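One structure below.
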Amino acid sequence: MLPWLLAAVLGAGGPSAEVIEVPTLTATVAQLQEQEPTMQRTEANRLYDAGVPEHGKMTVQTEHLQAVFEASSAWTLDEIWYDGFQVAGPTGHYGTVLIPQGGEWIGTGHTEGGREVVHELKMTVDSESRPLEVGASLEGERFELVKRSTIHTLDATHTITVLGDEIVERAQLRATEPQSLKLLYLFMHCIEPATTRWVAELPSGEITEGTFESDGDMELSRNARWVAEWFPEQRLSVLLYLRRLPTAETSAILLWDHERYHKFYVQHNRGLELATGDELDFTLVLTVVPNETGDWSATRARAEELKAKYPPVDQPDGTEE
0 MLPWLLAAVL
10 GAGGPSAEVI
20 EVPTLTATVA
30 QLQEQEPTMQ
40 RTEANRLYDA
50 GVPEHGKMTV
60 QTEHLQAVFE
70 ASSAWTLDEI
80 WYDGFQVAGP
90 TGHYGTVLIP
100 QGGEWIGTGH
110 TEGGREVVHE
120 LKMTVDSESR
130 PLEVGASLEG
140 ERFELVKRST
150 IHTLDATHTI
160 TVLGDEIVER
170 AQLRATEPQS
180 LKLLYLFMHC
190 IEPATTRWVA
200 ELPSGEITEG
210 TFESDGDMEL
220 SRNARWVAEW
230 FPEQRLSVLL
240 YLRRLPTAET
250 SAILLWDHER
260 YHKFYVQHNR
270 GLELATGDEL
280 DFTLVLTVVP
290 NETGDWSATR
300 ARAEELKAKY
310 PPVDQPDGTE
320 E
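Under numbering that gives the first Met the number 0, the first residue of the sequence shown is numbered 0, with each subsequent residue one higher.
Here is the structure:
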């Protein structure tokens, strides 16, 4: 040991003197982190484009709704609350997902066959532009998050608007090259499993309904203009309304009657050929209906209000926003 270092450690009094502890580099870093909590190790983006956070969440709050967005699931929804009650939880993935022929799931939080790559996020709060902040909890009357991404070989633009007691979701997809899809879900929502019954309006206007048993079956499994699930204890229903219905022979609304969730899917197809430039454009509106007794009268009335506010675009006089 160098003489000057030995002296520093033992002191002038020789071996019997008190040993002076020299802090290690690890200890020094730990002490600095305690003194400066904001000193956190950051990683450069490894997947999303520069400026798009890859980890963390953001919460927005309107008068009635609270919506949580998750970065690791390609900035899709992760939770939905209504007046403090959770109607949809972080028990699965939301958003758009597909399976290419010969491949596996790609999109939102599904990574079995690849990743959805987020290129850009734009956010407005009460019509004013605002940088997206990981960890933020924001309050306002209207929030709009516009995401531009790539899912497999689809250019995707998703716009999610949270206002009052509604969440409006628009998915715009464009094929950048010819492709064959085995399966495409346009929208997914993980409704909490406390719902006991469901109701739907079919394209013909007929009303059909059923019950949940949490037995793993797929309920409904046919096209519908709107679907609702009922929380009997809270006397609430979650209503999901489509402005345009998929027209593929294998399109359907699915309700997965699972013990973890009663999950809502909009299945665009099972088997689809897309040419370069082909586009898909669909809008869904989610709202929560209070004072639903189980006879569906409140839900059906609210569905008619949504039809008037957001006219179907697959019928005469319907136009996109």
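Every residue gets a Cβ at the ideal spot worked out from N, C-alpha and C, and that includes glycine. In this text, all values refer to a predicted model and were calculated from it rather than measured experimentally.
**Message:** Could you compute how far the alpha carbon of T61 sits from the alpha carbon of R141?
**Reply:** 7 angstroms
**Request:** Mind the definition here: the region 74-82 touches the region 178-186 only if three or more C-beta pairs lie below 8 angstroms; say whether that holds.
**Result:** Using a C-beta cut-off of 8 angstroms, the region 74-82 makes no contact with the region 178-186, since fewer than three inter-stretch Cβ pairs fall below that distance.
**Request:** Drop a sphere of 10 angstroms on the beta-carbon of T37, count the other beta-carbons inside from all chains shown, and report buried for 16 or more, exposed for fewer.
**Result:** With a pLDDT of only 34 at T37, under the threshold of 50, the placement of this residue in the model should not be trusted, and no figure is reported.
**Prompt:** Do you know offhand how far Q171's Cα is from H157's?
**Reply:** Approximately 6 angstroms, taken between the alpha carbons.
**Request:** Output yes or no for whether 9 angstroms exceeds the beta carbon distance between G163 and L64.
**Result:** Taking 9 angstroms as the Cβ cut-off, G163 and L64 qualify as a contacting pair.
**Asked** Considering A135, what are the terminal residues of the beta strand (DSSP E) in which it resides?
**Response** A135 -> no beta strand (DSSP E), and no H or E assigned at all.
**R234 in three-state terms, based on DSSP** = coil
**Prompt:** Any chance the region 123-138 sits against the region 219-231, with 3 or more Cβ pairs inside 8 angstroms?
**Reply:** no
**Asked** L398: which of W197, R301, A297 and T275 sits nearest, CA to CA?
**Response** Residue numbering for the chain in the displayed model covers 0 to 320; residue 398 lies beyond these limits and cannot be assessed.
**Message:** Less than 9 angstroms between the C-beta atoms of A66 and E53, yes or no?
**Reply:** no
**Request:** Could you tell me the boundaries of the beta strand (DSSP E) in which T275 lies?
**Result:** Neither: T275 is in no beta strand (DSSP E) and is coded neither H nor E.
**Asked** Just the Cα atoms here: how many angstroms apart are E304 and F263?
**Response** 21 angstroms
**Item:** When A227, G204 and L201 are compared against F211, the one with the closest alpha-carbon
**Value:** Nearest C-alpha to F211: A227.
**Request:** Please classify E115: does DSSP put it in a helix, a strand, or coil?
**Result:** coil
**Asked** Ends of the alpha helix (DSSP H) at E248?
**Response** Here E248 belongs to no alpha helix (DSSP H), and DSSP marks it neither H nor E.
**Prompt:** Does the ligand SAH have even one heavy atom less than 8 angstroms from the beta-carbon of L254?
**Reply:** Absent from the structure shown: the ligand SAH. Ligands present: none.
**Message:** Cutting at 7 angstroms between CB atoms, please list the residues of its own chain near L46, excluding the five before and the five after it.
**Reply:** Answer for L46: E53, R114 and V116, listed in chain order.
**Request:** Following the continuous beta strand (DSSP E) through T158, name the residue where it begins and the one where it ends.
**Result:** L153 to L162
**Prompt:** Taking the C-alpha atoms as reference points, what is the distance between S236 and P311?
**Reply:** 21 angstroms
**Request:** Just mark N268 as buried or exposed, buried being the case when its beta carbon has 16 or more other beta carbons within 10 Å.
**Result:** buried
**Prompt:** Residue range of the beta strand (DSSP E) that E69 falls in?
**Reply:** L64 to E69 is the extent of the beta strand (DSSP E) around E69.
**Item:** Three-state class that DSSP yields for A302 in the structure shown
**Value:** DSSP places A302 in helix when its eight states are reduced to three.
**Item:** Beta-carbon contacts of T275 that lie in its chain and below 8 angstroms, excluding the five residues immediately before and after
**Value:** Cβ-Cβ distances below 8 angstroms link T275 to A174, T175, E176 and P177 in the same chain, with the five nearest sequence neighbours on each side left out; the list follows chain order.
**Item:** W74 versus K146 - alpha carbon distance
**Value:** Here the C-alpha atom of W74 lies approximately 8 angstroms from the C-alpha atom of K146.
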